[in-house]
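Residue numbers (our numbering): 584 to 992.
Structure follows, in structure tokens:
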């Protein structure tokens, strides 16, 4: 062995040691997923999963939004969902269940791309799906994009080398999510090939999480119960994993619909809880409330009368709006906030019957306008947002696909 080879190996070992130190010894971290995130809202692009009419008011409290789902998701409805979220200040990232859900538009809108890899599923869920994604990027999406963007004389020479470079770059910027799926009856389990025999004990889950953290370099380890609450079993798994992570964030998802459930998972060791179903239930609930309110009030009903009616006709304490807000520890008064947002929604819905965004602006109280302004992206003001959700409006600077919003068919 030559002296030059010795020096080269020493340098490689030294660099690897520096990288290990950076990821295991503070204060540096190469993980792009903020440690400060404790609450993520999952928004499903599926057509039947709607968003509340004033969805920015609800999403202002969550740390981030995850876009993705396991059933009836397409590239088109993924793009439409990001169009809705582009007007919101809260960052949104893309968690596609298929490579073809990723488009140039979703890539531009997403804070980052989260690539799922299932630790307790079949081999396709860990390697095969990723291989399909790389092939799709390398052979279809990126070459097509380059042919659109590059001047015609340069296409022949640059498409192939730039495709390889951009494929590698896009994957290097992606966040990898190492899933441990513990609900074999879920759509996520079916997609990942997880059966009853694949469920893990706390000790087995800890070992696979450590492999994901230290060998695979996964930015996220995600304990997923997908629609059911993990309870004591999930707490035991989180407790086993939490202090073994060197750079991976530890997330929990499944059945979170109350403050107690959210806090139990956080106290057990999760960095973040992911909430999905109950957010979409807010939209279903308010659509029903708005139809009932229209039978009771005309378009110009005073706010006080609407608040009184909601207090009498809607059990706000157990409403989906209050349950969603309770999952966010930072919300101090979830029931009062839910009642106010429901009243705002009914007022806006009644005003929308005139298809007049100016009327919408006039019915909102000062507190709501201030909250809405804070919840919107820096390049979108309240008037623009209200115009965007007004049917038959003149073309403005922003628009949203209204078929994804609760009160529109």
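Where a beta carbon is used, it is the ideal one built from N, C-alpha and C, also for glycine.
(1) May I ask you to verify whether the segment 724-735 touches the segment 650-667, counting CB pairs closer than 8 Å and requiring at least 3?
(2) Below 8 Å on the Cβ atoms is my contact criterion, and I expect residue 647 with residue 615 to pass it. Report the Cβ-Cβ distance as a whole number of Å.
(3) Please classify residue 895 as buried or exposed, where buried requires at least 16 neighbouring CB atoms within 10 angstroms.
(4) Would residue 645 pass as a contact of residue 622 if the rule is Cβ separation under 8 Å?
(5) Straight-line CA distance for residue 692 to residue 650?
(6) Check each candidate in 830, 971, 827 and 756 and name the one with the smallest Cα separation from residue 694.
(7) Do residue 812 and residue 844 come within 8 Å of each other at the CB atom, strictly closer than that value?
(8) Classify residue 596 as helix, strand or coil using the three-state DSSP reduction.
(9) For the segment 812-831 against the segment 750-765, do three or more pairs of beta-carbon atoms, one drawn from each stretch, fall closer than 8 Å, so that the two count as touching?
(10) CB-CB under 6 Å to residue 890, same chain, minus the five flanking residues each way: which ones, in chain order?
(11) Within a Cβ cutoff of 8 Å, which residues of the same chain sit near residue 657, ignoring the five residues on either side of it in sequence?
(12) Taking the CB atoms as reference points, tell me whether residue 897 and residue 872 lie closer together than 8 Å.
(13) For a quick check, are the C-beta atoms of residue 639 and residue 958 less than 8 Å apart?
(14) Look up residue 723 in the DSSP assignment and say whether it is helix, strand or coil.
(15) Would you list the residues sitting across from residue 714 in a DSSP beta bridge?
(16) Quick one: what's got a C-beta closer than 8 Å to residue 899's C-beta in the same chain, skipping five residues either side?
(17) Check the C-beta distance from residue 910 over to residue 820 and give it rounded, since I have them as a contact under 8 Å.
(18) State buried or exposed for residue 732, treating a residue as buried only when at least 16 other CB atoms are found within 10 Å of its CB.
If we stick to the structure as given:
(1) no
(2) At roughly 12 Å, the Cβ-Cβ gap does not stay under 8 Å, so residue 647 and residue 615 are not in contact.
(3) exposed
(4) yes
(5) 11 Å
(6) 756
(7) yes
(8) Since pLDDT at residue 596 reaches only 48, below the 50 mark, its modelled position is unreliable, and no value is offered.
(9) yes
(10) 926
(11) 628 and 684
(12) yes
(13) yes
(14) helix
(15) Its beta-bridge partners do not exist; DSSP assigns none.
(16) 893, 905, 918, 921, 922 and 925
(17) In fact, because the Cβ distance is near 20 Å, the residues do not count as touching under 8 Å.
(18) exposed
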